[in-house]
Amino acid sequence: MAKEITKRSENYSQWYLDIVKKADLADNSAVRGCMVIKPNGFALWENMRDQLDRMFKASGHVNAYFPLFIPKSFLSREAQHVEGFAKECAVVTHHRLMNAPDGSGVIVDPSAKLEEELIVRPTSETIIWDTYRGWIQSYRDLPLLINQWANVVRWELRVRQFLRTAEFLWQEGHTAHATQAEAVEETLQILDIYTRFAEDYMAMPVIKGVKTPNERFAGAEETYCIEALMQDGKALQAGTSHFLGQNFAKAFDVKFVNENNVEEYVWATSWGVSTRLIGGLIMTHSDDDGLVIPPRLAPVQVVIVPIPKPSPEIGEAAEKVMKALQSKGITVKYDRDDKNRPGFKFAEHEMKGVPVRIGIGLRDLENNQVEVARRDTREKNTVPFDGVADYVGQLLEDIQQNLFNRARQFRDAHTSRVDNFDDFQSLVETPHPEWSESWGGGFISAHWDGTTETELKIKELTKATIRCIPLDAEEEQGRCILTGKPSKGRVLFAKAY
RNA sequence: CGGGGCAUAGCGCAGUCCGGUUAGCGCGCCUGCUUUGGGAGCAGGAGGCCGCAGGUUCGAAUCCUGCUGCCCCGACCA
Numbered sequence: 004m005a006k007e008i009t010k011r012s013e014n015y016s017q018w019y020l021d022i023v024k025k026a027d028l029a030d031n032s033a034v035r036g037c038m039v040i041k042p043n044g045f046a047l048w049e050n051m052r053d054q055l056d057r058m059f060k061a062s063g064h065v066n067a068y069f070p071l072f073i074p075k076s077f078l079s080r081e082a083q084h085v086e087g088f089a090k091e092c093a094v095v096t097h098h099r100l101m102n103a104p105d106g107s108g109v110i111v112d113p114s115a116k117l118e119e120e121l122i123v124r125p126t127s128e129t130i131i132w133d134t135y136r137g138w139i140q141s142y143r144d145l146p147l148l149i150n151q152w153a154n155v156v157r158w159e160l161r162v163r164q165f166l167r168t169a170e171f172l173w174q175e176g177h178t179a180h181a182t183q184a185e186a187v188e189e190t191l192q193i194l195d196i197y198t199r200f201a202e203d204y205m206a207m208p209v210i211k212g213v214k215t216p217n218e219r220f221a222g223a224e225e226t227y228c229i230e231a232l233m234q235d236g237k238a239l240q241a242g243t244s245h246f247l248g249q250n251f252a253k254a255f256d257v258k259f260v261n262e263n264n265v266e267e268y269v270w271a272t273s274w275g276v277s278t279r280l281i282g283g284l285i286m287t288h289s290d291d292d293g294l295v296i297p298p299r300l301a302p303v304q305v306v307i308v309p310i311p312k313p314s315p316e317i318g319e320a321a322e323k324v325m326k327a328l329q330s331k332g333i334t335v336k337y338d339r340d341d342k343n344r345p346g347f348k349f350a351e352h353e354m355k356g357v358p359v360r361i362g363i364g365l366r367d368l369e370n371n372q373v374e375v376a377r378r379d380t381r382e383k384n385t386v387p388f389d390g391v392a393d394y395v396g397q398l399l400e401d402i403q404q405n406l407f408n409r410a411r412q413f414r415d416a417h418t419s420r421v422d423n424f425d426d427f428q429s430l431v432e433t434p435h436p437e438w439s440e441s442w443g444g445g446f447i448s449a450h451w452d453g454t455t456e457t458e459l460k461i462k463e464l465t466k467a468t469i470r471c472i473p474l475d476a477e478e479e480q481g482r483c484i485l486t487g488k489p490s491k492g493r494v495l496f497a498k499a500y
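Be aware that the first sequence starts at 4, since it is given in our numbering, and climbs by one per residue.
Structural data, given as structure tokens:
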């Protein structure tokens with residue numbers, strides 16, 4: 004059926020790369036580890052960004068922009084923070100080039116060495132908290148609720164398009180609060196926003212949880228996250244929200260005077276989601292025929308294909324359908340290409356993930372109808388011409404809901420409760436030929452003794468890590484699957500991206 | 001940074017071992033005709049510093065030396 008897309012069951016990671024390529028989302032670039040996001044991919048990102056931006060603003064946040072470069076000394080102010088990021092920083096050392104004396108091109112001008120080297124931001128806590136010092140004096144200046152849309156650079160050794168690139172686009176929120184309780188509340192509020200976005204827009208079910216100390220963000224007191232399960236049984240960290248305590252306030256000396264005229268350090272949060280979400284969206288819904296995009300995020304929700312090719316009569320009918328759909332706020336595109344045949348276009352639009360396709364042919368014009376095909380199930384229906392807009396409007400909602408239900412069923416079917424280490428190992432090591440040769444084993448809910456030592460040992464033995472301690476976990480007496488020591492609740496394990 | 005591989009048309013590859021006409025093939029691209037309700041067929045056409053720099057030779061994509069870049073596997077990670 005689909006040409007040139009590797010089957011998921013044969014080679015999942017090749018399938019993933021094929022989707023990115025065939026759906027025309029991104030290209031490799033001349034710079035190792037950095038990708039070019041093509042118009043189709045960027046349109047998807049814009050829709051995600053715009054929706055998140057609306058949600059942030061609705062909850063009182065505002066946007067600002069901070070510099071790309073961070074003085075090297077800033078990074079080392081917070082000890083944990085620098086340790087976490089030091090190994091993946093791009094560093095600017097000079098500010099000028101010159102012609103090579105031997106005429107072989109340009110070289111770095113040795114006389115243009117910077118007094119203090121600059122780091123290309125891997126995240127912006129340091130430069131932002133250095134700035135906040137000047138903005139915050141009184142409790143009346145709080146809370147400070149700021150978000151920025153930006154690019155960051157983390158010099159990763161192994162990269163995969165969207166999932167892990169040396170440069171990526173994201174949003175990073177950085178808030179400042181007068182009390183610990185308020186900062187914690189903010190952290191959780193953002194986690195809810197991320198959850199709503201993932202589930203209601205991306206149709207990607209997620210588990211809300213808190214990270215173990217070992218997986219915590221460098222410099223955070225507590226890291227909350229949402230974790231999703233991909234089709235190959237591996238987990239994807241889809242978003243994080245950190246309670247930073249007073250760590251950055253102390254490192255950058257950000258104090259305020261409270262209502263009682265007492266000076267205190269400010270409480271902080273930071274939180275982010277990135278273009279990685281696009282990778283998550285691909286690996287949640289797409290199939291062997293190509294990309295599947297949930298309607299609420301699809302740059303083109305409906306495409307109209309003239310059969311056999313564009314003509315004045317079909318164009319006229321298509322125009323009416325487009326107007327009717329547009330009046331309901333539906334994004335629709337008419338495929339005017341007169342070179343390729345219908346079959347080719349059907350396959351192409353499926354590959355690109357357009358949720359709904361409408362076929363209009365001469366036969367349809369005679370019968371006063373159109374053919375409507377949905378991407379998620381590939382079902383086709385004949386619909387009377389006059390009822391198209393209502394039908395499609397409802398269909399888009401059905402698809403959105405169906406994608407979420409399908410993904411949730413998949414996740415639930417591949418979430419296991421395990422009570423001994425043998426079962427644990429067999430789950431993460433047994434391949435799943437239907438879904439993926441490199442099957443990760445799904446989510447595994449198991450008891451853990453609470454120590455980093457045990458966590459690392461399990462990782463070493465199985466490659467599975469603790470994705471999170473679910474927020475809704477029930478208290479339950481049990482024994483650690485590795486050490487047999489007592490445990491008060493289950494945590495969620497998985498192999499992760 | 002360790003281990004393995006690759007570099008030839010826009011993309012994917014053959015040719016390299018064993019040097020020798022004008023460097024091929026598939027896809028894509030351009031033109032024309034016939035087609036067109038699930039990835040069309042035929043005919044014609046365009047497109048190459050064979051990664052870079054040296055060397056050996058009458059002659060190098062092919063042999064030698066040195067670079068450079070990329071990919072895969074591991075260590076690090078949203």
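Think of the CB as a built atom: it goes at the ideal place given N, C-alpha and C, for glycine as much as any other residue. As the structure is a prediction and not an experimental result, all values here were calculated from the model.
Uninterrupted beta strand (DSSP E) stretches at least 3 residues long and entirely within the region 412–471 occur at 418–420 and 446–450, given in chain order.
When rounded, the separation of the alpha-carbon atoms in Q17 and D53 is 30 Å. S76 sits in a helix when the DSSP states are folded into three classes. Inclusion of T134 and I73 in the CB contact set at 8 Å is not warranted, their separation being larger than that value. The distance from the Cβ of I193 to that of W48 is about 20 Å, inconsistent with a contact at the 8 Å cut-off. According to DSSP, P489 shares a beta bridge with R482. Non-local beta-carbon contacts of S32 in its own chain, meaning distances under 8 Å to residues more than five positions away in sequence, involve M38 and V39 in chain order. Per DSSP, G242 is one residue of the beta strand (DSSP E) stretching across A238 to G248. Annotation for Q480: P489, S490 and K491 place their beta carbon closer than 8 Å to its own, counting only its chain and skipping 5 residues before and after. In the displayed model, F59 falls within a helix according to three-state DSSP. For F349 against V373, the beta-carbon gap comes to about 14 Å, at or over 8 Å, which does not count as contact. Relative to the Cα of K258, the nearest Cα in the group V269, S244 and T9 belongs to V269.
The shortest CA-to-CA distance from I131 to any of D144, E118 and N150 is the one to N150. It is roughly 11 Å from the alpha-carbon of N384 to the alpha-carbon of R360. Between V421 and I402, the beta carbon gap of about 35 Å keeps them out of contact (Cβ cut-off 8 Å). When C-alpha distances from G356 are compared across E118, E91, M286 and F427, the shortest belongs to M286. The beta-bridge partner set that DSSP reports for R360 consists of V306 and A376. For the pair D292 and M354, the CB atoms are nearer than the 8 Å cut-off. Linking A254 to T182 through their CA atoms gives a straight-line distance of about 18 Å. Judged by DSSP secondary structure, M325 falls within the alpha helix (DSSP H) whose first and last residues are P315 to Q329.
In this structure, DSSP gives M233 a state outside helix and strand, which the three-state scheme calls coil. For the region 76–130, the full-length beta strand (DSSP E) segments reaching 3 residues or more read 94–97, 100–102, 109–111 and 116–123 along the chain. Sixteen is the threshold: since fewer than 16 other Cβ atoms of the shown chains lie within 10 Å of the Cβ of A89, the residue is exposed. Assignment of beta-bridge partners to L495 by DSSP yields S448 and C471. For G236, the closest C-alpha among the options L328, L71, S419 and P302 is that of S419. Under the three-state reduction of DSSP output, P311 falls in the coil class, being neither helix nor strand.
Fewer than three pairs of CB atoms, one per stretch, sit closer than 8 Å, so the region 229–247 makes no contact with the region 260–269.
Taking the CA atoms as reference points, M325 sits about 44 Å from Y227. The Cβ-Cβ distance between T465 and V431 falls below 8 Å. Contact between V276 and Y197 holds, with the beta-carbon distance rounding to 6 Å and staying under 8 Å. Counting along the chain, the unbroken beta strand (DSSP E) around Y268 starts and ends at E266 to Y268. A check of alpha carbon separations from V395 across R381, V375 and R414 identifies V375 as the nearest.
D338 sits buried, since 16 or more C-beta atoms from the chains shown fall within 10 Å of its C-beta. The C-alpha of P473 lies about 14 Å from the C-alpha of D195.
Take the alpha-carbon of M207 and the one of G108: they are about 50 Å apart. Partner residues in the beta bridge of K336, as assigned by DSSP, are V306.
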